[in-house]
Each structure stands twice: as structure tokens, then as C-alpha cells.
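Visitor: I'd like to ask you about the structure that follows.
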């Protein structure tokens, strides 16, 4: 274990299994916290490379990681630069979600593959990426053929919804702020998390409350609103990955899990993406909100069954019966 690299469990969110924990060096020397969770008592089916969304942490995925371990899959994951247990980018504004260039995320992902995944985990490699992590995965996907066997994108961040302004207006304001030297400023106030009755992420009260307890017990893991620069860089990347010429270059077989009641990434945007993405198949999760992997079981189980049917070797690794019989429809 690298000094100062820690995981932060809570009573209802224990660390899921044997693991290696440390930091690897991202672009420009930033320290990025990573963890590898291992299977020790059954044959290994491969490694799931897990990419989080904005304002998420390794701790938030303990439940999901534990499920993969039971199925014979290792999990390798890390915290993005500027959030959770990795180095923050703005010393005076540690809660501000910020990035200098979106390509820094992409370079960090490449460094993670080279420094951690390739030398320390088991083939074959499967990529599971949520929201902003899905955008990074889509951006890098043309380079992943031959390295990643299959890719699952959960509500990939390919459009911006749930705002009082249109995506185009937000993009214009973020660009102006960035070009005017105000890229570190946020376009919205830091009001803290929304209460459960009006939250945009999940309809599952227990999983929502668990995430809140993690945040309350370990507030240093949590971000506030994104900076104008983050918005500018992210929205520009969205426009690029939606282009036909980019999608045509992706050959990794891809599954898109698209919650239909997602206010943050509108379903129609994910549907349109899939229509132009030859290597992808869209699975609507009817009624689910943005965080489908942290949703109520009636939605989450559909997503997990689709993943189980899509990843080679999952059935042989001891999935529950209902998942062994799952098919992608």
C-alpha cells in the first residue's frame, strides 16, 4: 500500500474484498488514487476496469464491486483527478470540480492502463464506465481495440439536461468565461446535494442515504459545482464524440445502458448516439434515473442482467439463476 492511500468504509458500506491500494502518476505528475479488488477463492474470469462519473469515488462502488468479485471478476478502478482521493487541482477551491483540459482525463486513463491494469490485473479486460467516465471511454474508444474486449457505458455523458438553460447556452457561457480568464469560477452556486425527494440520480432511498452517509463521514471526498472550464472542456468533448466520423472509428463491442427517466443525460441523446454507433447496442432501462447502477433493484437488476449477458464468461462464473437466463432484448 502506498503511504497515505486509504479507503473510507462506513458501517453499511464495507470494503468488498482483498485489494491493492495506492497512487499512480497521472499527466503533469498528479497523484491519482487507485484500487484493485481481487478474487482469491475461484477461477478468475477477467478484470472489469471501472470508470466513475463526476463527483464519485471508489467508495461509492463497493456494492457493485462486491457483486463482480462474486462472479469471478477482478475490478480495477481509480478516482479522477480533482476529486475524491486523488489530487485536487485548485488548492484554494478544493470543492470546485475543475479540469484544465479534457484530454488530461484521457491521458490519466491511458496511464492507469499502462501503470496499473496491464502489469497487475488479469485478462481479458472489460470496461464499465458511468456518466463522465463514459464520455472519457467514448473519446478514447478508437484507441482501445485490441486492449479492451468489451465496453459497457452507463448513461454516458453525451448531452446535458436538467438545467434551466439549454446545452448550447451553457456551452456559450462556459466558453466565454474560460476565454476571459474566469475558467475557475462556477456558473452555479454551491448549494450542496439535493434532498432525496427531489434528487435527480436515483429512486432508491437506501442507496441514496448510503451515499449521503459516505459524504457526511468523509466530506473531503465530495465536490461542489463544476467550474466554467470543466463545462467548456466537457461540452466540447461531447460534441466531438457524437460525430459520425468518431463513432465509425470505434470497433470495441459496446453496450449502452440508457435510463429512460434520466434528467441529466436525456434518453433521446443516448438513443441518437446509438443509432449512429455501429459497434453499440442500446438497452433502455425503463423508468430508471441517471445512476442506474445505484438504482432501485427493479431497475438495477435489469442493468446487471444485461451486463451479465454481454460479458463473456459471466454465466460460468456463478451468476444467480435469473442472470444466467438473461438475454439482451
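In the UniProt record's numbering, the protein residues as written are 1 to 329.
C-beta atoms are modelled at their ideal positions from N, C-alpha and C, and glycine is treated no differently.
Give the single residue among 63, 45, 152 whose Cα lies nearest to the Cα of residue 123.
Guide: Nearest C-alpha to residue 123: 45.
Visitor: How many angstroms separate the CA atom of residue 56 from the CA atom of residue 230?
Guide: If you take the alpha carbons of residue 56 and residue 230, they lie about 16 Å apart.
Visitor: CA-CA distance, residue 6 and residue 219?
Guide: C-alpha separation (whole angstroms): 14 Å.
Visitor: In or out: residue 268 buried (at least 16 other Cβ within 10 Å) or exposed?
Guide: Under this definition residue 268 is an exposed residue.
Visitor: Where do the N-terminal and C-terminal ends of the beta strand (DSSP E) with residue 25 fall, by residue?
Guide: Unbroken beta strand (DSSP E) run through residue 25: 19-25.
Visitor: Can you give the Cα-Cα distance for residue 65 and residue 311, rounded to whole angstroms?
Guide: Looking at the two C-alpha atoms, the distance is approximately 15 Å.
Visitor: Please state if the CB of residue 15 and the CB of residue 62 are separated by a distance shorter than 8 Å.
Guide: Yes, they are a contact pair.
Visitor: Please work out which residues of its chain come closer than 7 Å, Cβ to Cβ, to residue 233, disregarding the five sequence neighbours upstream and downstream, and give them in chain order.
Guide: Contacts found: 99, 101, 102.
Visitor: Does the distance from the C-beta atom of residue 158 to that of residue 241 stay below 8 Å?
Guide: A contact, by the Cβ cut-off of 8 Å.
Visitor: Could you give the distance in angstroms between the alpha-carbon of residue 174 and the alpha-carbon of residue 70?
Guide: The straight-line gap from Cα to Cα measures roughly 44 Å.
Visitor: If you count every other CB in all the chains shown that lies within 10 Å of the CB of residue 248, and 16 or more means buried, which is it?
Guide: So residue 248 counts as exposed.
Visitor: Going along the chain, which residues of its own chain have a beta-carbon closer than 8 Å to the beta-carbon of residue 290, five neighbours each way excluded?
Guide: Excluding positions up to five away in sequence, the list reads 131, 155, 200, 201, 202, 259, 262, 263, 264, 265.
Visitor: Can you tell which of 302, 304, 243 has the C-alpha that lies nearest to the C-alpha of residue 278?
Guide: If we check each option's Cα against that of residue 278, 243 comes out closest.
Visitor: May I ask you to report which of helix, strand or coil DSSP gives residue 130?
Guide: It is a strand residue.
Visitor: According to DSSP, simplified to helix, strand and coil, what is residue 99?
Guide: Residue state, collapsed to three classes: coil.
Visitor: Let me check understanding here. Comparing Cα to Cα, which of 280, 276, 36 lies closest to residue 19?
Guide: Closest by alpha carbon: 36.
Visitor: Take residue 21 as the anchor and find which of 270, 53, 85, 42 has the nearest alpha-carbon.
Guide: The shortest C-alpha separation from residue 21 is found at 85.
Visitor: For residue 214, write down the residues that DSSP places opposite it in a beta bridge.
Guide: Bridge partners of residue 214: none, in fact.
Visitor: What span of residues does the alpha helix (DSSP H) with residue 175 cover, start to end?
Guide: From DSSP, the alpha helix (DSSP H) with residue 175 extends over 167-179.
Visitor: Would you mind giving the Cβ-Cβ distance between residue 141 and residue 252, rounded to the nearest angstrom? I have them listed as a contact below 8 Å.
Guide: The pair is a contact, with the Cβ atoms about 6 Å apart (cut-off 8 Å).
Visitor: Can you give the beta carbon distance from residue 186 to residue 227, rounded, assuming they're within the 8 Å contact cut?
Guide: Confirmed, about 6 Å.
Visitor: When the Cα atoms are used, what is the spatial distance from residue 194 to residue 167?
Guide: Cα-Cα distance, rounded: 21 Å.
Visitor: Is it the case that the Cβ atoms of residue 125 and residue 136 are separated by a distance below 8 Å?
Guide: No; because the gap between Cβ atoms is not below 8 Å, this pair is not in contact.
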